[in-house]
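Counting along the sequence shown from 1, when you hit position 366 you're at 531 in the working numbering, and nothing is skipped either side.
Report on the structure given below.
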Amino acid sequence: MFFIIISFIFIMPEILKRFNVPSITSVMLAGIIAGPYGLGLIQPDNVIELFSSFGAIFLMFLAGMEVDNETLRREFKSSIFISLFSLIIPAIGGYLIGTWFGLNFIGALLYAIIFSSHSVGIVYALMNELNLTKSKFGTTVLGSTILVDLISLIILSIIIRLSTDGQNFNVGYFITSDVVYIGALLLTIPYISKIIFEKFEKLHIKKIHFVIFIILISILIGEHLGLHPIIGAFITGIAISESLTKKEHDELLNKNLNAIGYGFFIPIFFFALGMNTNISVLYNLSNVGLILATIIGAVVLKVISGYISFKLVGYDKIKSMCGGLLTIPKISASLVAASVGKELGIISNEFFVAIVVLSLITSMIAPILVKNLVNKYHDSFTA
Numbered sequence: 166m167f168f169i170i171i172s173f174i175f176i177m178p179e180i181l182k183r184f185n186v187p188s189i190t191s192v193m194l195a196g197i198i199a200g201p202y203g204l205g206l207i208q209p210d211n212v213i214e215l216f217s218s219f220g221a222i223f224l225m226f227l228a229g230m231e232v233d234n235e236t237l238r239r240e241f242k243s244s245i246f247i248s249l250f251s252l253i254i255p256a257i258g259g260y261l262i263g264t265w266f267g268l269n270f271i272g273a274l275l276y277a278i279i280f281s282s283h284s285v286g287i288v289y290a291l292m293n294e295l296n297l298t299k300s301k302f303g304t305t306v307l308g309s310t311i312l313v314d315l316i317s318l319i320i321l322s323i324i325i326r327l328s329t330d331g332q333n334f335n336v337g338y339f340i341t342s343d344v345v346y347i348g349a350l351l352l353t354i355p356y357i358s359k360i361i362f363e364k365f366e367k368l369h370i371k372k373i374h375f376v377i378f379i380i381l382i383s384i385l386i387g388e389h390l391g392l393h394p395i396i397g398a399f400i401t402g403i404a405i406s407e408s409l410t411k412k413e414h415d416e417l418l419n420k421n422l423n424a425i426g427y428g429f430f431i432p433i434f435f436f437a438l439g440m441n442t443n444i445s446v447l448y449n450l451s452n453v454g455l456i457l458a459t460i461i462g463a464v465v466l467k468v469i470s471g472y473i474s475f476k477l478v479g480y481d482k483i484k485s486m487c488g489g490l491l492t493i494p495k496i497s498a499s500l501v502a503a504s505v506g507k508e509l510g511i512i513s514n515e516f517f518v519a520i521v522v523l524s525l526i527t528s529m530i531a532p533i534l535v536k537n538l539v540n541k542y543h544d545s546f547t548a
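This is the structure we're talking about:
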C-alpha cells in the first residue's frame, strides 16, 4: 500500500513540474487518480488517516515556523488593514454562496472562512523564490497572509465547537481561554526552547524529539480547551521560530523538520485529501453551478479585495494587482478546514469537492501569474 502511495507521490510531481504545476497540487491529483474514485489502487483506512492527521499537524506547524515576527512588527499597520479587508469581503461572499446552495448557518460560516483564508506556505515559498521576502512589499504580503490564516484558524475552532456543542458552547469563555493559551505558548515556548537548543546544540536528534514533544503537549492542552490540533500546531510553530537563530545548527534543525514534514507526512495528507475526493460529483450537472460559483466567487472577491486594500495603503497598480493575486491560493488552512468540515458533517461531499477543485486551480494559476508579473516589473518590486 505505502509503496504505491510513495511511488505516486514521487512520480506525479516529477511529471507535472514541467507544466509549472506545484508539487502539492500534483500530489492531490495523484491521490485522486490512485484512490477509490480513480483507479481504485488504494482504499482509505485507519493507518492512512493517522498519517494524514500527522501531515495536517506538521503542515500547520511548519507554516507557523515560517512566520517572521520582525515581519509583523515592521509592517503591522498595513498588514492588519489588508488582512481584515481581504478577509471580510470574501467571507461575506462565501457565506452568501454557501447559504444560496443550501448550507445551514454553521456550514455557511465555514464556507465563509474557506473563502477568506490565504496560504502561508505557497505565499512564503513564492516570495522566497522571487527574493522578495525582505522587501517592503514582501513584508506586507507575508504579514497580512499570516494574520488572515491565524484569524481563520481561530474562527474555524469556534465553528467546530458550535457544531459539536451547540447551545452549550460559551463563546466568551472559549475566546478568553484561547487568548490566554496562545499567549502562554508564545511566551513560554521560546524561553524553554532556547535553553534546550543551547544544551543540545549539536545533538540534532534530541532537538527534533523536543520539538515533537512540544507540539504534542501544545495540541493536548489546546484540545482540552476545545481548540482543533492544527491551531496548537500553528502557534507552536510561531513560538519555536522565535527561538531559532541564523546559526548553522538551528538552520540544520529547520531543514530536518522540513524534511520530516514535506518528505513524508505532509504529502500523505494531500494524497489522502485527493483520495477522499469523489470526482463523480463533477459529472453531475446540478453540481456545476456550485463549483463555478465557488471558484469564480472566491477568486474574484479575493483579487478585488486584495487589490483595493493594497492600493489604500499606498502601493501602485502593479504591486496592488500582484498583492491581490497572492491572496488567491488556498491550500493549507482551506483544505484542512474543508477536511474537518466534511469529517464533522458540516459540509457535504459536493462542497468538499468544490473546495478541492478551487484549491487545485488557484494553487496552479496564482504562482504562474505572480511570477510573470514580478519578472516583467522586477525593478519596482525589489524596492
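We put the CB at the ideal spot given by N, CA and C, even for glycine.
Put simply, the segment 213-227 touches the segment 417-437. At least three CB pairs are less than 8 Å apart.
The segment 255-337 contains, as complete alpha helix (DSSP H) runs of 4+ residues, the segments 270-281, 285-294, 301-330 (chain order). The alpha-carbon separation between residue 462 and residue 346 amounts to approximately 35 Å. A residue is called buried when at least 16 other Cβ atoms come within 10 angstroms of its Cβ; residue 481 does not meet this threshold and is exposed. Using a Cβ-Cβ distance cut-off of 8 Å, the segment 282-297 and the segment 483-499 are in contact, since at least three pairs of beta carbons, one from each stretch, lie closer than that value. The C-beta separation of residue 478 from residue 243 comes to about 4 Å, placing the pair in contact by the 8 Å criterion.
Taking C-alpha positions only, residue 430 is separated from residue 168 by approximately 14 Å. The beta carbon of residue 271 sits closer than 7 Å to the beta carbons of 324, 327, 328, 511 from its chain, once the five residues preceding and following it are set aside; these are given in chain order. Residue state for residue 343 is assigned as helix, using DSSP reduced to three classes. Every candidate beta strand (DSSP E) stretch fails here, since none sits fully inside the segment 419-507 while reaching 3 residues. In the three-state reduction of the DSSP assignment, residue 389 falls in the helix class, which pools H, G and I.
Separation of residue 339 and residue 349 (C-alpha to C-alpha, rounded to the nearest whole angstrom) is 15 Å. DSSP places residue 200 in no alpha helix (DSSP H); its state is neither H nor E. By the beta-carbon neighbour count (other beta carbons within 10 angstroms, threshold 16), residue 229 is buried. Under the DSSP assignment, residue 394 falls in the alpha helix (DSSP H) whose first and last residues are 394-408. Scanning 499, 514, 388, 519 for the CA closest to the CA of residue 453 turns up 519.
Within the same chain, and ignoring the five residues on either side of residue 524 in sequence, the residues whose Cβ sits closer than 7 Å to its Cβ are 495, 496, 499, 500. Proximity of the segment 200-207 to the segment 175-189 falls short of the contact definition, fewer than three beta-carbon pairs being nearer than 8 Å. The Cβ atoms of residue 396 and residue 387 sit closer than 7 Å to each other. In terms of Cβ geometry, residue 266 and residue 392 do not form a close pair [threshold 7 Å].
Secondary structure of residue 510 (DSSP, three-state): coil.
Looking from the CA of residue 533, the closest CA among 514, 487, 522, 509 belongs to 487.
Under the DSSP assignment, residue 166 falls outside any alpha helix (DSSP H); it carries neither an H nor an E label. The distance from the Cβ of residue 503 to that of residue 517 is about 5 Å, consistent with a contact at the 8 Å cut-off. With respect to the 7 Å criterion, residue 273 and residue 263 are classified as neighbours on the basis of their beta carbons. DSSP, read as helix, strand or coil, puts residue 538 in helix. Scanning its chain for C-beta atoms nearer than 6 Å, with the 5 sequence neighbours on each side dropped, one finds around residue 394 the residues 222, 384, in chain order. Excluding residues up to 5 positions away in sequence, 375 lie with their Cβ nearer than 6 Å to the Cβ of residue 361 in the same chain.
Counting other Cβ atoms within 10 Å of its Cβ, residue 175 stays below 16 and is therefore classed as exposed.
The beta carbon of residue 359 is closer than 8 Å to those of 408 in its chain, skipping five residues each way along the sequence.
One Cα belongs to residue 172, the other to residue 210, and the distance between them is close to 18 Å.
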